[in-house]
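Protein chains: 2
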Amino acid sequence: MSSSTTTSVHANSPESSRSAPGVPAFSPLYQQIKSLLLQSLQRSEWKPGELIPSEMELSSRYSVSQGTVRKAIDELASENILTRKQGKGTYVATHAETQVQYRFLQLVPDVGDRNQEGPAGRQVLDCKKTRASAEIAKLLQIATGEPVIHARRVLSFLNKPTILEEIWLPGIPFKGLTAERLSLHQGPLYALFETEFGVRMVRASEKLKAVTANESQSELLQIPVATPLLSVERVAFTYKDVPMELRRALYLTNTHHYHNELG
Amino acid sequence: MSSSTTTSVHANSPESSRSAPGVPAFSPLYQQIKSLLLQSLQRSEWKPGELIPSEMELSSRYSVSQGTVRKAIDELASENILTRKQGKGTYVATHAETQVQYRFLQLVPDVGDRNQEGPAGRQVLDCKKTRASAEIAKLLQIATGEPVIHARRVLSFLNKPTILEEIWLPGIPFKGLTAERLSLHQGPLYALFETEFGVRMVRASEKLKAVTANESQSELLQIPVATPLLSVERVAFTYKDVPMELRRALYLTNTHHYHNELG
DNA sequence: CAGTGGTCTAGACCACTGG
DNA sequence: CAGTGGTCTAGACCACTGC
C-alpha cells in the first residue's frame, strides 16, 4: 500500500462472506497486529525487560492507526506479556526484575505479611540429562525419547523444608543447564531461564491433589510418614502456548497455604 | 451542563494538581462511568440475566462519548460482570443460565471430557440459623454474634461422595433460606442466590491445604480414616468486594483434581 | 522541552440479531 | 430494515518521564 518495507496486513477487505462455515473467518486488524507482535517476541526481536518500539512507530510500521496498535498492546498487557509505563514506553515483561518473586508460586504463609521471609533456601538434589518417557513427552509436547533435563530440589522457608519438586525441561532449548548453574543461581528459576536461555514463561496450567508423604519424601522434607501434602503438577508455557517446563511438586501446608483468586 | 435529569459526572476538570500526595487523584471518566454502572448493578437496577441500556443510551445519559462508555463496559465484561452479545446488547452476567456450571468449582475428573457426569448429587445434612463466631464474622466482615445461616452438604459425582462442605451466609440478605429450599433446588447454589435473594457472586478468594480425614469426615465421604483430602476455604464476594459467603470444603482427589490456570 | 503512553471525542463502516 | 455491539480511524488534549 505504501513504499515501506513492512509486512503487509489488511488482507481482510472485500468479499468477506465466503469463508467456509465454522472456520473462524478472518480476524480483526488488531488481532493480526497482536499476532505480529507475538511473532517478534517469539523470535526474541525484543528481549525480556527491553523497550519495544513506540505506538506511533508501530502504527506507521504496520500502516494502521495508533488506536489499533493500542488495542493489540492492551491485550498483551492484560496477559502480562507486555507492561506499559507512562512517559517511558512499553516493555517486554520479565520475571527477572519483578519485585513479585515467584510469578506462579501460589504458596503463602498462613500468618505474616507477604511471601517475604528472605529468599527461600534452595537445595539441588540432582540434575541429569535423560530421555523423555511417554508421559513426560506428552505433557511437554515432544517425542518420546527426546532428550530432557531432569532436576530435583528442596525449597525451604525459614529453614524449614517446605517444597520438594521435580523439574523436566526440553533438552534442546535448555542445553547446557547443569546442577552447578542451578545451585549457584539466586532468585526465581524463571529469571534464569530468561537471562541464560532466552525462554520466557507466559502462563501455566496446574493440577492439584492431596496426597500423603511416602518414606523418601518424608525424609527429604523432615516430616513424619503419611503427613498430608499438596501435590502440584504444573506445565508452563512460552509465547504461542508452547510448553517448556513440567514441574511436579509436593507442598507442605501446615504453616503455608495455596492461595487462589477466582475472577 | 445540559437540561437532562442525569447525574453529573465531569468533576475532574480544573486545578487538578492539588490533591493530597498519595491520594489516588481523580479517576478518568471511564472509571467514573464504570463505578456508576456498578452502583446500578448493586442496587439491582438491572438484575442478573437482564439487558442493560445500549451504549448509545448510556453515553447520552451520562453525557460522554460512546467510546468512553465502551471502555467502562469493556472492563466490566473482562471481569465477568457483564457479557456482550453482538447484535443484541449487553447483559448482566448470571450463574443461572450459564452452561458452564460451577463458576468457582475447580474440581474436574482426572479422565473424561468435562465436568459433565450428570449434575452432581446433593445431600443437605443440615441448615440452621445461628450466630457468627469471631472467626466467621471476621471473614464475612460482619459483627461477632450477628445472625448467620450455617449449612452442611455432601456432593457426589457418579454416586461417589466427593465433596463435604460447610457454608456460612449472612442472615440478613439470606433471610428465609431453609434446608428444604436448599434440598429442592437443582443446579448451582449461586443460581439460587441470584434468583431468590438477588445476590450475585462476582469473585472469590480461596485458601487450599492438604489434610487427612478424621472419623466423622471419613464416614460421610465413605472413605478410610486418614485419607488425604484437599481442604478449600472460599470467601465469595458480590459487587464492590462485599463478602457474602464462606465455604469450607473437603475435596476427595483420588479420581478428581483441582484445576488452575495461572495467567 | 520533546517523546511517551493515557484519555476522550466524533464519525465511519462492518457484523450480527430480530422483526 | 433498524438497532445493537465490534472495528478502525484521526485528531485533540492530558500526565508522566527524562534531558
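Protein chains in written order, with the numbering used here: chain Y, 1 to 263; chain Z, 1001 to 1263.
For every residue, glycine included, the Cβ atom is placed at its ideal position computed from N, Cα and C.
Query                                                                                                                                                                                 : Result
Would you tell me roughly how many angstroms separate the C-alpha atoms of Gln42 of chain Y and Tyr1091 of chain Z, rounded to the nearest one?                                       : 37 Å
Where do the ends of the beta strand (DSSP E) carrying Glu245 of chain Y lie?                                                                                                         : Pro243 to Tyr251
For Glu981 of chain Z and His1095 of chain Z, which I take to be in contact (beta-carbon distance under 8 Å), what is that distance rounded to the nearest angstrom?                  : Residue 981 of chain Z is absent from the model: chain Z starts at 1001 and stops at 1263.
What are the residues in the segment 1246 to 1260 of chain Z lying within 7 Å of chain Y by C-beta distance?                                                                          : Thr1253, His1257, Tyr1258, His1259 and Asn1260
Taking the alpha helix (DSSP H) that Ala1191 of chain Z falls in, what are its first and last residues?                                                                               : Leu1189 to Phe1197
Mind checking if Arg152 of chain Y is an interface residue toward chain Z, Cβ cutoff 7 Å exclusive?                                                                                   : no
Using a Cβ-Cβ distance cut-off of 7 Å, determine whether Ala1134 of chain Z contacts chain Y.                                                                                         : no
Does the CB of Met1244 of chain Z have a neighbour CB from chain Y at under 7 Å?                                                                                                      : no
Which residues mark the beginning and the end of the alpha helix (DSSP H) in which Lys1138 of chain Z is found?                                                                       : Ala1134 to Leu1140
Within the 7 Å Cβ cut-off, does Val1211 of chain Z reach chain Y?                                                                                                                     : yes
Taking only beta carbons into account, state which residues of the segment 214 to 229 of chain Y come closer than 9 Å to chain Z, listed in chain order.                              : Ala226, Thr227, Pro228 and Leu229
Residues of chain Y with CB closer than 9 Å to the CB of Ala1204 of chain Z, please, in chain order.                                                                                  : Asn260, Glu261, Leu262 and Gly263
Between Val1148 of chain Z and Thr1162 of chain Z, which are expected to be in contact by the criterion C-beta below 8 Å, what is the C-beta distance as a whole number of angstroms? : With 8 Å as the limit, Val1148 of chain Z and Thr1162 of chain Z do not qualify as a contact, their Cβ atoms being about 26 Å apart.
Give the interface partners of Lys240 of chain Y over in chain Z, defined as CB-CB distance under 9 Å, in chain order.                                                                : Within 9 Å Cβ-Cβ: nothing; Lys240 of chain Y doesn't reach chain Z, min ~15 Å.
Between the alpha carbons of Leu208 of chain Y and Leu107 of chain Y, how many angstroms are there, rounded?                                                                          : 13 Å
Is the shortest distance between the beta-carbon of Leu1208 of chain Z and the beta-carbons of chain Y less than 7 Å?                                                                 : yes
Whole angstroms is fine: what's the gap from Pro28 of chain Y's alpha carbon to Lys1160 of chain Z's?                                                                                 : 47 Å
When DSSP labels each residue in this structure, what does His1257 of chain Z get in the three-state scheme?                                                                          : strand
Anything in the segment 1065 to 1081 of chain Z with a Cβ closer than 7 Å to a Cβ of chain Y? List those residues in chain order, please.                                             : Glu1079 and Asn1080
For chain Y, find out if any of its Cβ atoms is closer than 7 Å to the Cβ of Phe1026 of chain Z; answer yes or no.                                                                    : no
So with CB distances below 7 Å, who are the chain Y contacts of Phe1104 of chain Z?                                                                                                   : Leu262
Which residues in the same chain as Phe197 of chain Y place their Cβ atom closer than 7 Å to its Cβ, once the five residues preceding and following it in sequence are excluded?      : Pro173 and Phe174
Is it true that the segment 245 to 254 of chain Y meets the segment 1058 to 1066 of chain Z, where meeting means three or more beta-carbon pairs spaced less than 8 Å apart?          : no
Per DSSP, what kind of secondary structure is Val202 of chain Y in: helix, strand or coil?                                                                                            : coil
Let me confirm a value: Val199 of chain Y is counted as buried when at least 16 other C-beta atoms fall within 10 Å, else exposed. Which label applies?                               : buried
By DSSP's criteria, Gln1123 of chain Z is part of a beta bridge. Which residues make up the other side?                                                                               : Z:Val1154
Run through DSSP, which three-state label would Gly1145 of chain Z get?                                                                                                               : coil
For the beta strand (DSSP E) that contains Gly89 of chain Y, what are its first and last residues?                                                                                    : Gly89 to Val92
Could you tell me which residues DSSP pairs with Pro1083 of chain Z in its beta bridges?                                                                                              : It should be noted that the sequence gives Thr, not Pro, for residue 1083 of chain Z. BP columns for Thr1083 of chain Z point to Z:Tyr1091.
Check each candidate in Y:Asp110, Y:Glu79 and Y:Leu58 and name the one with the smallest Cα separation from Phe237 of chain Y.                                                        : Y:Glu79
May I ask which residues mark the beginning and end of the alpha helix (DSSP H) holding Ala1226 of chain Z?                                                                           : Element bounds for Ala1226 of chain Z: n/a, residue is neither H nor E.
Please classify Gly171 of chain Y as buried or exposed, where buried requires at least 16 neighbouring CB atoms within 10 angstroms.                                                  : buried
If you pair each beta-carbon of the segment 1223 to 1241 of chain Z with each one of the segment 1249 to 1257 of chain Z, do three or more pairs fall below 8 Å?                      : yes
Considering only the alpha carbon of each residue, which of Y:Leu192, Y:Leu58, Y:Leu51 and Y:Ala134 lies closest to Ala87 of chain Y?                                                 : Strictly speaking, residue 87 of chain Y in this sequence is Gly, with Ala absent from that position. Of the candidates Y:Leu192, Y:Leu58, Y:Leu51 and Y:Ala134, the one whose C-alpha sits nearest the C-alpha of Gly87 of chain Y is Y:Leu51.
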